[in-house]
């Protein structure tokens, strides 16, 4: 088959959506974009809304004069949460404005670098989980020794923390083997095509 | 619809046929609509970074091909949607047009190529110059030329074999 013939077919009207199809596609795509925009707005509004509620509650407590003296660590944690939340959204906003002028090969390389960073984070998390459990056990034991926590409450606190860590560990492990590793292989395979 | 949305629709309209061809070349029929949506979304997200010093066509090609190369088919999402209507939206009814079956064979042949080669062929068929293809992919111009010469022969053979029923 002559390649010029294939180029002719490629340039023919048969390879263009009709005017009617284009109009319908455009309408459908714009509806999809609207829906995505609404979803993105809602996803952003939920954490901001929840944080605002917590802040108002903390603010009212502080105004009544019974928060700063006793619960200042809680207020500090709230401040840290705000900083993290704003940081996450600011990074997302900056990523949208980032120039997309780099060659596709560089895009694939940076995606692979991101994937490697995510896998390293998982390894760090796995290494730190047992390290975190030891001081947690020490803290609960100390509270029990001081008589500030009963044995049953200490057991419940430990059980809750272990459950949360196990759930987080399980979720991250699933992501590691089902998402990150296949993605790494796919990106390496794509980059190998450039060699 | 907002003014921003209308502006984007106007900006997108001339690139829709290119997105349509890219979706058909990178995905099998049931997934083409899903990919077309992803390509549109990628352009919508990337548009704020568009600098008027580069041609809009080049920018659209770059974003669309980047998105197509890194796209993963979503089996679950596809099952949740009605596929028949979407396929109808994507494939033009060629009726008695003799070009139709040959075009389908060409797309099928392109889809058998590895993703990067698929992108190179597609850009070449869309009339993008070698120098621009080289810049888009981060390859040398001579490398692009050599690859495309080989790919054209391969595509011709694939389409011919398909026509012969091999």
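Chains as they are written, first to last, in the working numbering: chain A, 26 to 220; chain B, 4 to 169. From the three backbone atoms N, C-alpha and C, an ideal C-beta is built for every residue, glycine too.
Residues near residue i by beta carbon distance below 6 angstroms, same chain, minus five either side
i	result
residue 118 of chain B	72
residue 201 of chain A	147
Separation of residue j from residue i, as counted between CA atoms
i	j	result
residue 198 of chain A	residue 80 of chain A	34 angstroms
residue 75 of chain B	residue 29 of chain B	10 angstroms
residue 181 of chain A	residue 73 of chain A	31 angstroms
residue 110 of chain B	residue 27 of chain B	7 angstroms
residue 105 of chain A	residue 112 of chain A	10 angstroms
residue 141 of chain B	residue 54 of chain B	20 angstroms
residue 167 of chain B	residue 107 of chain B	15 angstroms
residue 115 of chain A	residue 52 of chain B	16 angstroms
residue 59 of chain A	residue 40 of chain B	12 angstroms
residue 32 of chain A	residue 53 of chain A	30 angstroms
residue 176 of chain A	residue 186 of chain A	15 angstroms
residue 144 of chain A	residue 138 of chain A	10 angstroms
residue 152 of chain B	residue 120 of chain B	11 angstroms
residue 218 of chain A	residue 162 of chain B	23 angstroms
residue 62 of chain A	residue 51 of chain A	16 angstroms
residue 158 of chain A	residue 56 of chain A	49 angstroms
residue 134 of chain A	residue 140 of chain A	10 angstroms
residue 149 of chain B	residue 159 of chain B	16 angstroms
residue 145 of chain B	residue 36 of chain B	35 angstroms
residue 71 of chain A	residue 63 of chain B	33 angstroms
CB-CB length for residue i against residue j, believed under 8 angstroms
i	j	result
residue 156 of chain A	residue 183 of chain A	So it is not a contact: roughly 16 angstroms between Cβ atoms.
residue 135 of chain B	residue 61 of chain B	6 angstroms
residue 76 of chain A	residue 107 of chain A	6 angstroms
residue 105 of chain B	residue 34 of chain A	5 angstroms
residue 50 of chain B	residue 11 of chain B	7 angstroms
Neighbourhood of residue i by C-beta distance below 8 angstroms, restricted to the same chain and skipping five residues each side
i	result
residue 119 of chain A	none
residue 174 of chain A	165, 168, 182
residue 115 of chain B	161
residue 143 of chain B	137
residue 161 of chain A	183, 186
Beta-carbon proximity list for residue i, same chain, < 7 angstroms, skipping 5 on both sides
i	result
residue 179 of chain A	165, 168, 169
Taking only beta carbons into account, state which residues of the segment 38-49 of chain A come closer than 9 angstroms to chain B, listed in chain order.
-> 38, 39, 40, 41, 42, 43, 46, 47, 49
What are the residues of the segment 201-220 of chain A that lie near chain B, defined by any Cβ-Cβ distance shorter than 7 angstroms?
-> 215, 218, 219
What residues from the segment 58-81 of chain A come within 9 angstroms of chain B, judged by C-beta to C-beta, listed N to C?
-> 58, 59, 61, 62
Does the segment 202-213 of chain A come close enough to the segment 184-194 of chain A that 3 or more CB-CB pairs lie under 8 angstroms?
-> no
At least 3 beta-carbon pairs within less than 8 angstroms: the segment 64-71 of chain B vs the segment 35-51 of chain B | yes
Are the segment 10-24 of chain B and the segment 38-50 of chain A in contact at 8 angstroms, needing three or more beta carbon pairs?
-> yes
Members of the segment 110-124 of chain B near chain A, C-beta cut-off 8 angstroms | 117, 118, 119, 120, 122
Which residues, in order along the segment 138-156 of chain A, keep a beta-carbon less than 8 angstroms from a beta-carbon of chain B?
-> none
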